[in-house]
Amino acid sequence: RRRANDHLNSFDWISELSKPDFYAAPVTCFSHAPGYDMWDNIGIDMKVEVENTDCDNQANVVTGQTPHSFWVATVMNICGYKALMRYEGFDDSSHDFWVNLCSSEVHAVGWCATRGKPLIPPKTIENKYSDWKDFLVERLSGARTLPSNFYNKISDSFKSRFRIGLILELVDKNRISQVKLASVCKIVGKRLYLKYYDSDDGFWCHEDSPIIHPVGWATTVGHNLDAPQEYLERMQAGCDQMIEVHEDDATIELFKMNFTFEEYYLEGKTNGFVEGMKLEAVDPLNLSSICVATVMAVLKFGYMMIRIDSYDPDATGSDWFCYHEKSPSIFPVGFCAANGITLTPPNGYDINTFRWDTYLEETKSLPADEHLFHRDIPDHGFRPNMRLECADLMDPRLVCVATVARIVGRLLKIRFDGWPEEYDQWLDCESPDIYPVGWCVLVGHKLEGPPIVQQPVV
Amino acid sequence: QAPSKPRRWEQKQVQIKTMEGEFSVTMWASGGSD
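Put into structure tokens, the structure is as follows:
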């Protein structure tokens, strides 16, 4: 009987893991996930000490207290953070079980002895060998185990760079052309629950997400900002000198960026994009579509405002969205056609008859040249049909079971299991919103399962 | 692209304690990336 790890009524992967076609994306695909740095050294056939639940005293399993009885097991298979274990002494798979490799149920061989705990064989096989010492020496000598600091390093990699109370600038979900002052209210697995300064409304995003920015960012790059008067005055004063830093300010070193400001003001790099240029971009309001888009304004340090041409006409500019020129979500004209992706045409155009050359002529505009885009494709390791956990970015408090439906270079099409294609999300392979199988239970986040389909009553 | 991570396996003496007594075995453990 295994420990119940989760009290959030989460989906449990266990029923899926042993299916022959189950294929999880390995932890080594997720550089932002706990344990990523150590996972190259985790493998099948490793020996570990794991909670023995086949013993007299099972109270700890029921109550969730710290496990007190352990036995040695071999890692038979790995799916994300989940490992299929076989207690030493069992000859077949009849008693194999899945555990989360990073949970407190699992330790390096030798961990029990350092705590004075004897290893206790499972009751089912306790009389199988007369001398367990000889058996263990034979089974363990020369085998691999986890590094002794594994659990501590995993714990360290859980820690967020942020803390509750820090203030930052967050894309306004009701007006995506501006950022709004917000503060960190809760942190679960490096996902931040942020509240806008002027409402009780909150928003979840990962701490590496490109929709959050340090204090002073909007003023520095020339982006629209909504903040209290006092904050605006501090920013205004900072325009002439340095922005005064307050104790609760989230500062730039906390944020993940794929470029540095120094590249622009020390090396004199300039933004090659020009207002009016056309391109293709992932729709920030509907991540399942890649659309015809226009550069509406060029900001500083490589940022620009783009508008999706399929949106209804809006002269206010409230639907412009800020992308950096190094964003993996923008593409040159022709990218979709070259990769067999359906391009969402501009408002008023037909999906079947839209042609870029005609459109450029009609709008008297230039395509953004291919060399302006940064399309290096890392050896990301994702493959079609791999399973994972993914935040629903249209309702980012939800992390759901999902599958890699398609891969185009570094772009992944993520399908939420049980949901139609229209809910798919195009995400970059380095997106901080995708996680290995077992991540939710590891960090204490609820995992949403597929929708429950009502069976017709016969 | 993620930087390549060192892969270092070290032989180590691991202490085992059972109800019958304590002994040690030689195993391999990775030094991780520290």
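Protein chains in written order, with my numbering: chain E, 38 to 495; chain A, 14 to 47.
Positions of the beta carbon are idealized from the N, C-alpha and C atoms, including for glycine.
- Message: Using a Cβ distance threshold of 8 Å, determine whether the region 254-274 of chain E contacts the region 184-201 of chain E, with at least three qualifying pairs required.
- Response: no
- Query: Touching or not, the region 158-173 of chain E and the region 23-31 of chain A, by the rule of three or more beta carbon pairs under 8 Å?
  - Reply: yes
- Query: Using 8 Å as the threshold, is the region 116-130 of chain E in touch with the region 470-486 of chain E, meaning 3 or more CB pairs across them?
  - Reply: yes
- Which class does E/G275 belong to by DSSP, given the choice of helix, strand or coil? Mapped onto the first sequence, residue 275 of chain E falls at position 238. Note: E/G275 maps to helix in three-state DSSP.
- Cβ-based neighbour list, E/F292, same chain, cut-off 6 Å, excluding 5 preceding and 5 following: As a first step, residue 292 of chain E is located in the first sequence; it is residue number 255 there, counting from the start. Contacts found: P251.
- Below 7 Å between beta carbons is the criterion; list the residues of the region 41-74 of chain E that meet it against any residue of chain A, in chain order. S68 and D74
- Query: Nearest to E/N384 by CA position, among E/P457, E/K363 and E/D351, is which residue?
  - Reply: For the purposes of this step, residue 384 of chain E is taken as residue 347 along the first sequence, with counting starting at 1. That would be E/D351, whose Cα lies nearest to the Cα of E/N384.
- Task: Give the C-beta separation of E/T151 and E/K84 to the nearest angstrom, bearing in mind that I take them to be a contact with Cβ-Cβ under 8 Å.
- Result: Here residue 151 of chain E refers to the residue found at position 114 when the first sequence is read from its first residue. Here residue 84 of chain E refers to the residue found at position 47 when the first sequence is read from its first residue. Contact flag wrong, Cβ pair sits at about 16 Å.
- Please compile the residues from chain A whose C-beta is within a distance smaller than 7 Å of the C-beta of E/C149. Here residue 149 of chain E corresponds to residue number 112 of the first sequence, with the count starting at 1. Chain A residues near E/C149: K30.
- Query: Relative to the alpha-carbon of E/A219, which residue among E/K232, E/P493 and E/I213 has its alpha-carbon at the smallest distance?
  - Reply: The residue given as residue 219 of chain E occupies position 182 in the first sequence. If we check each option's Cα against that of E/A219, E/K232 comes out closest.
- Contact the region 282-302 of chain E vs the region 375-389 of chain E: 3+ CB pairs below 8 Å: no
- Quick one: what's got a C-beta closer than 8 Å to E/P488's C-beta in the same chain, skipping five residues either side? Along the first sequence, read from residue 1 onward, the residue named residue 488 of chain E stands at position 451. So the qualifying residues of the chain are G455 and W456.
- Message: Is the beta carbon of E/L403 closer than 7 Å to that of E/M498?
- Response: Chain E is shown from 38 up to 495; residue 498 of chain E falls before or after that span and cannot be answered.
- Message: Can you look up E/C477 in the DSSP assignment and give me helix, strand or coil?
- Response: Indexing the first sequence from 1 puts residue 477 of chain E at position 440. The answer is helix: DSSP assigns E/C477 an H, G or I state.
- Query: Nearest chain A C-beta to E/W476 closer than 7 Å, yes or no?
  - Reply: Locating residue 476 of chain E in the first sequence gives position 439, counting from the first residue. Not an interface residue.
- Query: I think E/E244 touches E/S197, with their Cβ atoms under 8 Å apart; what is that distance to the nearest whole Å?
  - Reply: Sequence index remark: in the first sequence, residue 244 of chain E carries index 207 (1-based). Sequence index remark: in the first sequence, residue 197 of chain E carries index 160 (1-based). E/E244 to E/S197, Cβ: 6 Å. Contact.
- Query: Should E/V143 be flagged as near chain A, meaning a C-beta pair shorter than 7 Å?
  - Reply: The residue you call residue 143 of chain E lines up with position 106 of the first sequence. Not closer than 7 Å to any Cβ of chain A, the Cβ of E/V143 fails to qualify, so no.
- Near A/W41, what residues of its chain come up, given a Cβ to Cβ distance below 8 Å and the 5 sequence neighbours on each side ignored? As a working mapping, residue 41 of chain A is identified with position 28 in the second sequence. Taken in chain order, the residues that qualify are W22, E23, Q24 and K25.
- Message: Which residue marks the beginning of the beta strand (DSSP E) containing E/K190, and which one marks its end?
- Response: As a working mapping, residue 190 of chain E is identified with position 153 in the first sequence. It is not in any beta strand (DSSP E) - E/K190 instead sits in the alpha helix (DSSP H) that spans F187 to S194.
- Below 7 Å between beta carbons: does that hold for E/W254 and E/E206? By one-based count along the first sequence, residue 254 of chain E stands at place 217. By one-based count along the first sequence, residue 206 of chain E stands at place 169. Yes.
- Starting from E/D263, follow its DSSP beta bridges and name the residues at the other end. Taking the first residue of the first sequence as 1, we reach residue 263 of chain E at position 226. BP columns for E/D263 point to E/K217.
- Query: Exposed or buried, which one is E/H361 when buried takes at least 16 other CB atoms within 10 Å?
  - Reply: The residue you call residue 361 of chain E lines up with position 324 of the first sequence. So E/H361 counts as buried.
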